[in-house]
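> If you scroll down you'll find the structure; I have some questions about it.
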Amino acid sequence: MKSFLVNLVIALVGIAVLIGVIFYWSSLRDKWPAAPKPAQDIAKTINTTGMPLNLPDGFSIEIFAKDLPGARVMAFDKPGNMWVSQTGDGKISQLIIQNGKVADQQTAFRNLQKPHGLAFDLKDQSRLYFAEENKVSAATLNDNPVLRKLIDLPAGGGHFTRTLSFGPDKRLYVSIGSSCNVCNEGDLRRAAIYSMNSDGSDFKLFAKGLRNTLFFAWDEEGRMWGTDMGRDYLGDNLPPDEINIIEQGRDYGWPFCFGKQAHDDNYDDDNNRSCSQTQAAQIELPAHSAPLGLAFIPKGFGPADWEGDLIVALHGSWNRSEPTGYKLIRVKLDDQGNFERFEDFITGWLQGSTALGRPVDVLIRVDGNAMYVSDDKAGMIYKISYKL
Numbered sequence: 102m103k104s105f106l107v108n109l110v111i112a113l114v115g116i117a118v119l120i121g122v123i124f125y126w127s128s129l130r131d132k133w134p135a136a137p138k139p140a141q142d143i144a145k146t147i148n149t150t151g152m153p154l155n156l157p158d159g160f161s162i163e164i165f166a167k168d169l170p171g172a173r174v175m176a177f178d179k180p181g182n183m184w185v186s187q188t189g190d191g192k193i194s195q196l197i198i199q200n201g202k203v204a205d206q207q208t209a210f211r212n213l214q215k216p217h218g219l220a221f222d223l224k225d226q227s228r229l230y231f232a233e234e235n236k237v238s239a240a241t242l243n244d245n246p247v248l249r250k251l252i253d254l255p256a257g258g259g260h261f262t263r264t265l266s267f268g269p270d271k272r273l274y275v276s277i278g279s280s281c282n283v284c285n286e287g288d289l290r291r292a293a294i295y296s297m298n299s300d301g302s303d304f305k306l307f308a309k310g311l312r313n314t315l316f317f318a319w320d321e322e323g324r325m326w327g328t329d330m331g332r333d334y335l336g337d338n339l340p341p342d343e344i345n346i347i348e349q350g351r352d353y354g355w356p357f358c359f360g361k362q363a364h365d366d367n368y369d370d371d372n373n374r375s376c377s378q379t380q381a382a383q384i385e386l387p388a389h390s391a392p393l394g395l396a397f398i399p400k401g402f403g404p405a406d407w408e409g410d411l412i413v414a415l416h417g418s419w420n421r422s423e424p425t426g427y428k429l430i431r432v433k434l435d436d437q438g439n440f441e442r443f444e445d446f447i448t449g450w451l452q453g454s455t456a457l458g459r460p461v462d463v464l465i466r467v468d469g470n471a472m473y474v475s476d477d478k479a480g481m482i483y484k485i486s487y488k489l
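Take a look at the structure:
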């Protein structure tokens with residue numbers, strides 16, 4: 102009997118303690134920080150790159166090609182194979198695509214002088230145009246490729262990458278960056294975009310005052326949009342990098358003006374040049390984010406309300422106290438093409454102060470429901486797909 106009473110008392114004490122604990126934790130329920138909700142529905146987001154990359158719902162990312170040191174510009178030929186410039190290695194590689202995968206990877210051209218821009222002839226897809234630091238050439242692609250120099254370009258200086266693209270007018274456009282951070286150029290071909298016929302004739306100025314517009318693309322209305330990198334050494338937040346609508350005969354301000362017609366008092370301290378006659382940036386981007394590739398989102402890729410918006414690759418800063426960039430952003434535009442807002446699209450290449458990769462070019466192919474992004478730091482090409 103005594104043993105029974107002892108056990109009963111112990112049981113009652115245990116129940117009382119349990120009830121007390123329950124009430125105590127209940128009283129703290131509203132004070133205790135709730136577990137954060139997942140930023141994304143991981144069931145709809147697939148990342149097989151091995152990098153901690155973050156994407157919106159419905160998108161997936163994978164490594165399409167690797168072992169491509171310094172991968173920069175991408176271009177597809179008519180059979181669907183990808184060509185990639187590797188500027189630092191001085192070569193252009195061809196990726197043989199079969200059933201949507203890279204079946205073979207080979208060097209097509211080597212011993213080039215910092216090759217960058219690539220473009221296929223609009224009429225003859227067996228003809229590849231490519232820009233080196235010092236010239237634009239065309240190659241007829243067959244068993245024995247024939248190379249032909251079309252035009253010489255100014256070499257040397259701080260900005261040596263040249264980018265090519267055919268416009269709606271069927272002329273070939275080439276961007277030529279400045280030779281310096283900020284200066285008065287002796288060669289007027291610098292800090293400008295020129296155009297020419299496909300045979301290299303009629304080489305003429307299209308627009309100037311563009312410090313380093315590496316990439317440009319056309320919207321459905323035939324307007325050229327280009328990213329431009331601002332000068333250095335004005336602090337963390339000046340000048341803004343830019344997205345411009347680039348028009349024939351316009352002056353976009355460099356080296357005296359930047360952004361929304363702001364005057365560079367540091368360079369032109371006597372205020373000898375007015376910015377009133379220069380073209381203001383269409384969109385200002387964070388300083389030193391280094392915008393590179395850009396592509397308009399076509400119908401059939403991504404959510405319906407993304408159609409017509411821009412995807413821009415921010416290569417990332419090298420001279421900012423807190424790094425910025427190292428990501429892809431979506432630039433939301435209204436029906437008239439006016440800027441509304443920025444949104445992160447793919448992030449995660451920057452981990453603290455360590456960069457795992459640096460996105461460069463952006464290329465979207467609706468027929469394959471795919472976006473391709475080159476990474477010159479990781480030496481990779483990523484493939485991004487969308488499916489809800």
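So that you can map any letter, position 9 of the sequence shown is 110 in my numbering, and since no number is skipped, the others follow by simple counting. Beta carbons: idealized from backbone N, C-alpha and C, even for Gly.
Report buried or exposed for N383, applying the criterion of at least 16 other Cβ atoms within 10 angstroms of its Cβ.
Per the sequence shown, the amino acid found at residue 383 is Gln instead of Asn. Answer is buried; the Cβ neighbour count reaches 16.
> Tell me the rounded alpha-carbon separation between T146 and P404.
14 Å
> Run through the segment 375-403 for me and flag every whole beta strand (DSSP E) of 3 or more residues, listed as ranges in chain order.
Within the segment 375-403, the runs of beta strand (DSSP E) that reach at least 3 residues and sit entirely inside it are, in chain order, 384-386 and 392-397.
> Write down the C-beta distance between G480 and G171 rounded to the nearest angstrom, noting that I regard them as a contact closer than 8 Å.
Yes, G480 and G171 are in contact; Cβ-Cβ is about 7 Å, under 8 Å.
> Which stretch, first to last residue, makes up the beta strand (DSSP E) that contains D445?
Its beta strand (DSSP E) spans residues F440 to I447.
> So, are the CB atoms of G278 and A256 less than 8 Å apart?
no
> Would D467 pass as a contact of G394 if the rule is Cβ separation under 8 Å?
The question names Asp, but residue 467 is Val in the sequence shown. Their beta carbons are not under 8 Å apart, which means V467 does not touch G394 by this criterion.
> Do three or more CB pairs link the segment 340-347 to the segment 316-329 at distances below 8 Å?
yes
> Please classify A363: does DSSP put it in a helix, a strand, or coil?
strand
> DSSP on F176, reduced to helix/strand/coil?
In the sequence on display, residue 176 carries Ala and not Phe. Correct three-state label for A176: strand.
> Ignoring anything shorter than 3 residues, give me the beta strand (DSSP E) runs that lie fully in the segment 165-236, in order along the chain.
172-177, 183-187, 192-199, 202-210, 219-221 and 228-232
> Report the three-state DSSP secondary structure of D369 (helix, strand or coil).
coil
> Roughly how many whole angstroms lie between the Cα atoms of P399 and R263?
26 Å
> Around the Cβ of K179, are there at least 16 other Cβ atoms within 10 angstroms (buried) or fewer (exposed)?
Within 10 angstroms of the beta-carbon of K179 lie fewer than 16 other beta-carbons, which makes it exposed.
> Can you name the residues that DSSP bridges to P460?
DSSP lists D476 as partners of P460.
> Determine the burial state of T455: buried for a count of at least 16 other Cβ atoms within 10 Å of its Cβ, exposed for fewer.
exposed
> Per the DSSP calculation, Y427 is bridged to which residue(s)?
Looking at the DSSP assignment, Y427 forms no beta bridge with any residue, so it has no partner.
> If you draw a straight line from the C-alpha of G401 to the C-alpha of W407, how long is it?
10 Å
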